[in-house]
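Reviewing the structure listed below.
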Amino acid sequence: MMRWIGTVLVIAFVARAAPAQERKTEFVFLVTADGIRHQELFSGADPALVTENAKESSGIEDVEAVRRAYWSEDAVTRREKLMPFFWKELSAEGIVLGNRSRGSRVKAKNSHLFSYPGYAEILNGAPLPSIDSNDAVFSPRKTVLEYIREELGLERHQVACFASWRVFDWITRQSESTIFSNAGYEAVPEALATEGMSIFHRLQMQMMTPWDSTRHDAMTFGLAMEYIRAHEPRVFYLAAGETDDWAHERRYDRTLHGIQLFDDALRELWTYLQSTEPYRGRSTLIVTTDHGRGRNPDDWTSHGKDVPGADEIWIGVFGPDTPKVGEATSTGEHYQSQIAATMLELLGLDYRSFNPSADAPIAEAFVQVEAEVR
3 MMRWIGTVLV
13 IAFVARAAPA
23 QERKTEFVFL
33 VTADGIRHQE
43 LFSGADPALV
53 TENAKESSGI
63 EDVEAVRRAY
73 WSEDAVTRRE
83 KLMPFFWKEL
93 SAEGIVLGNR
103 SRGSRVKAKN
113 SHLFSYPGYA
123 EILNGAPLPS
133 IDSNDAVFSP
143 RKTVLEYIRE
153 ELGLERHQVA
163 CFASWRVFDW
173 ITRQSESTIF
183 SNAGYEAVPE
193 ALATEGMSIF
203 HRLQMQMMTP
213 WDSTRHDAMT
223 FGLAMEYIRA
233 HEPRVFYLAA
243 GETDDWAHER
253 RYDRTLHGIQ
263 LFDDALRELW
273 TYLQSTEPYR
283 GRSTLIVTTD
293 HGRGRNPDDW
303 TSHGKDVPGA
313 DEIWIGVFGP
323 DTPKVGEATS
333 TGEHYQSQIA
343 ATMLELLGLD
353 YRSFNPSADA
363 PIAEAFVQVE
373 AEVR
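Okay, so the sequence shown: first residue is 3 according to our numbering, each after it adds one.
Take a look at the structure:
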């Protein structure tokens with residue numbers, strides 16, 4: 003009897019431990035684009051915003067030029083015109099959640115539905131009640147980025163964030179000393195800077211955006227790739243911002259351009275990760291947004307707790323441990339708060355030790371490994 007119990011215990015242990023032993027991911031890249039709606043991701047340019055009659059609600063200066071670039075009567079063709087890399091290549095490398103018309107829903111849980119509360123939910127595995135504004139205050143608790151660095155014993159520069167919005171210097175950490183962050187019009191310190199980074203810094207100061215706290219995403223993307231090539235971070239967070247800012251300015255043409263620029267940045271990053279050591283075959287890319295937006299021509303520029311649709315988001319996970327499902331169907335509901343646990347699971351770390359209140363990993367993001375029972 004005791005021998006039988008012992009056998010069961012061994013089998014149970016193997017069955018539980020096998021998936022973690024089979025993980026191939028050693029590097030995790032989290033990429034967010036502020037405020038990209040699921041409508042644009044899954045259906046491309048919004049038909050209600052790209053007509054001559056919609057100029058007042060869309061702010062498009064040249065409707066015909068926008069239609070030439072992005073329009074088709076077919077939604078699948080529209081999304082491929084807007085995000086050609088994402089839909090023609092990247093989506094096949096993992097799973098994309100959030101197409102509500104196909105039975106896949108992703109929601110933000112926080113009650114505010116604007117930027118800092120959304121990013122706090124992503125990085126902490128649960129909403130943080132004390133984060134109720136976009137003020138530049140440090141995270142009240144250790145973020146998943148800091149936790150990974152601590153648990154894996156990494157150097158500060160091996161866990162890094164490059165972001166267009168200045169407030170990420172506070173969003174991503176409890177204190178300045180924990181992980182490396184470069185956000186807004188900030189220069190990379192001389193000890194870490196390359197010649198390319200110095201050039202990008204000069205350019206960002208010469209090519210200002212209309213917003214004092216947000217630099218052009220193109221500068222963020224360029225700096226990020228320079229940093230990745232030079233320092234080979236283990237965990238990296240890349241955060242785009244112009245997609246939200248242009249929407250608030252009611253410039254749908256610029257918003258679409260920002261989404262396409264984001265798609266091209268994903269192409270450059272993914273191509274590098276798939277072709278270069280030490281990343282090749284060992285890197286997972288997680289792509290998402292912090293909040294949704296209004297659904298209609300009169301409120302697409304807005305988000306927040308009083309805007310219907312602002313809690314509707316999407317998530318993509320791509321890498322060696324994720325089944326190649328593509329666009330998910332009939333997956334029920336997932337949450338922004340599952341991203342932190344998914345990152346930790348990929349790296350073999352326990353999300354419950356990080357935050358007992360954190361939501362569980364996204365189960366569909368992992369290839370199921372069945373233990374051999376003898």
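For each residue, glycine too, the CB sits at the ideal point set by N, CA and C.
- Query: DSSP on W73, reduced to helix/strand/coil?
  - Reply: To locate residue 73, count along the sequence shown from 1; it is residue 71. Coil at W73, not helix or strand.
- Message: Please state the DSSP three-state secondary structure of N126.
- Response: For the purposes of this step, residue 126 is identified with residue 124 of the sequence shown, where counting begins at 1. Helix, per DSSP.
- Pairwise C-alpha distance: L43 and Q23: By one-based count along the sequence shown, residue 23 stands at place 21. By one-based count along the sequence shown, residue 43 stands at place 41. Unreliable placement is indicated for Q23, whose pLDDT of 48 sits below 50; the coordinate value is still reported in the next sentence. For Q23 and L43, the distance between alpha carbons rounds to 34 Å.
- Query: Exposed or buried, which one is I150 when buried takes at least 16 other CB atoms within 10 Å?
  - Reply: In the sequence shown, residue 150 corresponds to position 148, counting from 1. So I150 counts as buried.
- Just reading off the alpha helix (DSSP H) that G198 is part of, what are its end residues? Against the sequence shown, residue 198 aligns to sequence position 196. That run of the alpha helix (DSSP H) goes 197-208.
- Quick one: what's got a C-beta closer than 7 Å to D1's C-beta in the same chain, skipping five residues either side? Because the chain is modelled from 3 through 376, residue 1 falls outside the range shown and cannot be assessed.
- Option nearest E148 by Cα separation, candidates N112, E197, V98, R236: Looking up residue 148 in the sequence shown gives position 146. Among N112, E197, V98, R236, the Cα nearest to that of E148 belongs to R236.
- Item | Nearest neighbour of F182, chosen from E234, A330, V65, P212 [CA to CA] | The count along the sequence shown starts at 1 and reaches residue 182 at position 180. Of the candidates E234, A330, V65, P212, the one whose C-alpha sits nearest the C-alpha of F182 is E234.
- Item | Three-state class that DSSP yields for T333 in the structure shown | Locating residue 333 in the sequence shown gives position 331, counting from the first residue. Under the three-state reduction of DSSP output, T333 falls in the coil class, being neither helix nor strand.
- Message: Are the CB atoms of V169 and S215 within a distance shorter than 8 Å?
- Response: Numbered from 1 along the sequence shown, position 213 holds the residue referred to as residue 215. Numbered from 1 along the sequence shown, position 167 holds the residue referred to as residue 169. Yes. Within cutoff.
- Message: Taking the straight line between their C-alpha atoms, what separation do you get for P358 and P142?
- Response: The sequence position of residue 358 within the sequence shown is 356, counting from 1. The sequence position of residue 142 within the sequence shown is 140, counting from 1. Going from the Cα of P358 to the Cα of P142 covers about 16 Å.
- Query: Straight-line CA distance for K326 to Q208?
  - Reply: Working through the sequence shown from its first residue, we reach residue 326 at position 324. Working through the sequence shown from its first residue, we reach residue 208 at position 206. Straight-line Cα distance between these residues: approximately 43 Å.
- Measuring CA to CA, which of V161, T303, I288, V98 is closest to E335? Indexing the sequence shown from 1 puts residue 335 at position 333. Ranking the options by Cα distance to E335, first place goes to V98.
- Since I believe L51 is in contact with S59 (beta carbons under 8 Å), could you give me their beta-carbon distance rounded to a whole number of angstroms? Reading the sequence shown from its first residue, position 57 is the one you call residue 59. Reading the sequence shown from its first residue, position 49 is the one you call residue 51. Yes, S59 and L51 are in contact; Cβ-Cβ is about 7 Å, under 8 Å.
- Query: DSSP state of N55, grouped into three classes?
  - Reply: In the sequence shown, the residue the question calls residue 55 occupies position 53. Here N55 sits in helix by DSSP.
- Task: Under the assumption that E82 contacts D255 (Cβ atoms under 8 Å), give the Cβ distance between them as a whole number of angstroms.
- Result: Counted from its first residue, the sequence shown places residue 82 at position 80. Counted from its first residue, the sequence shown places residue 255 at position 253. Not quite, the Cβ-Cβ distance comes to about 19 Å (not below 8 Å), so this is no contact.
- Query: So, is A138 buried or exposed, given that buried needs 16 or more other C-beta atoms within 10 angstroms?
  - Reply: Working through the sequence shown from its first residue, we reach residue 138 at position 136. So A138 counts as exposed.
- Message: Once DSSP output is grouped into helix, strand and coil, what is the label at E24?
- Response: Taking the first residue of the sequence shown as 1, we reach residue 24 at position 22. Note: E24 maps to helix in three-state DSSP.
- Task: Compute the Euclidean distance between the alpha carbons of D171 and E75, then round it to the nearest angstrom.
- Result: Within the sequence shown, numbered from 1, the residue matching residue 171 stands at position 169. Within the sequence shown, numbered from 1, the residue matching residue 75 stands at position 73. Computed Cα separation, rounded: 42 Å.
- Around the C-beta of V78, are 16 or more other C-beta atoms found within 10 angstroms, so that it is buried, or is it exposed? Taking the first residue of the sequence shown as position 1, residue 78 is located at position 76. That one is exposed.
- Query: In this structure, does DSSP put L194 in helix, strand or coil?
  - Reply: Against the sequence shown, residue 194 aligns to sequence position 192. Here L194 sits in coil by DSSP.
- How should Q370 be labelled, buried or exposed, when 16 other C-beta atoms within 10 angstroms of its C-beta is the threshold for buried? Residue numbering aside, residue 370 sits at position 368 when the sequence shown is read from its first letter. Exposed, since its Cβ has fewer than 16 Cβ neighbours within 10 Å.
- Query: So, helix, strand or coil for I181, using DSSP?
  - Reply: Reading the sequence shown from its first residue, position 179 is the one you call residue 181. In the structure shown, I181 sits in coil (DSSP, three-state: anything other than H, G, I, E or B).
- Less than 8 Å separating the beta-carbons of F202 and N184? Here residue 202 refers to the residue found at position 200 when the sequence shown is read from its first residue. Here residue 184 refers to the residue found at position 182 when the sequence shown is read from its first residue. No, the pair does not count as a contact, with Cβ atoms beyond the cut-off.
- Give the DSSP-derived three-state secondary structure of S285 in the structure shown. As a first step, residue 285 must be located in the sequence shown, where it is residue number 283. S285 falls in the strand class under three-state DSSP.
- Message: Could you check if W167 belongs to the surroundings of the ligand HEM, using beta carbon to heavy atom distance under 7 Å?
- Response: Only the bare structure without any ligand can be found here, which leaves the ligand HEM out of the picture.
- Item | For Y187, the three-state DSSP class (helix, strand or coil) | Here residue 187 refers to the residue found at position 185 when the sequence shown is read from its first residue. Note: Y187 maps to coil in three-state DSSP.
- Message: Our contact map puts A360 next to A35 with C-beta atoms below 8 Å; I'd like the distance itself, whole angstroms only.
- Response: Residue mapping note: residue 360 aligns to position 358 of the sequence shown, counting from 1. Residue mapping note: residue 35 aligns to position 33 of the sequence shown, counting from 1. Contact doesn't hold; Cβ gap of about 23 Å is too wide.
- Which same chain residues, not among the five before or five after L351, have their C-beta less than 6 Å away from its C-beta? As a first step, residue 351 is located in the sequence shown; it is residue number 349 there, counting from the start. So the qualifying residues of the chain are E153.
- Message: If I measure Cβ to Cβ from P86 and keep anything under 7 Å in the same chain, skipping five residues before and after, which residues do I get?
- Response: Along the sequence shown, one-based indexing puts residue 86 at 84. Once the five neighbours on either side are set aside, the close Cβ partners of P86 are D265.
- Of the listed residues S117, Q160, S200, A249, nearest to Q338 (C-alpha basis): Start at 1 with the first residue of the sequence shown, and residue 338 comes out as number 336. Checking every option, the nearest Cα to that of Q338 belongs to S117.
- Task: Measure the C-alpha to C-alpha separation of L271 and G306 and round it to an integer number of angstroms.
- Result: Working through the sequence shown from its first residue, we reach residue 271 at position 269. Working through the sequence shown from its first residue, we reach residue 306 at position 304. The alpha-carbon separation between L271 and G306 amounts to approximately 31 Å.
- If you drop the 5 nearest sequence neighbours on each side, which residues of the same chain put their C-beta closer than 6 Å to that of G318? Here residue 318 refers to the residue found at position 316 of the sequence shown. Closer than 6 Å at the Cβ level, and outside the excluded window around G318, lie V98, V289.
- Out of S132, T286, A330, R354, which has the shortest C-alpha to C-alpha gap to V30? In the sequence shown, residue 30 corresponds to position 28, counting from 1. If we check each option's Cα against that of V30, T286 comes out closest.
- Message: Could you check whether I261 and T245 sit closer than 8 Å to each other, using their CB atoms as the reference points?
- Response: Within the sequence shown, the letter at position 243 stands for residue 245. Within the sequence shown, the letter at position 259 stands for residue 261. Closer than 8 Å, so yes.
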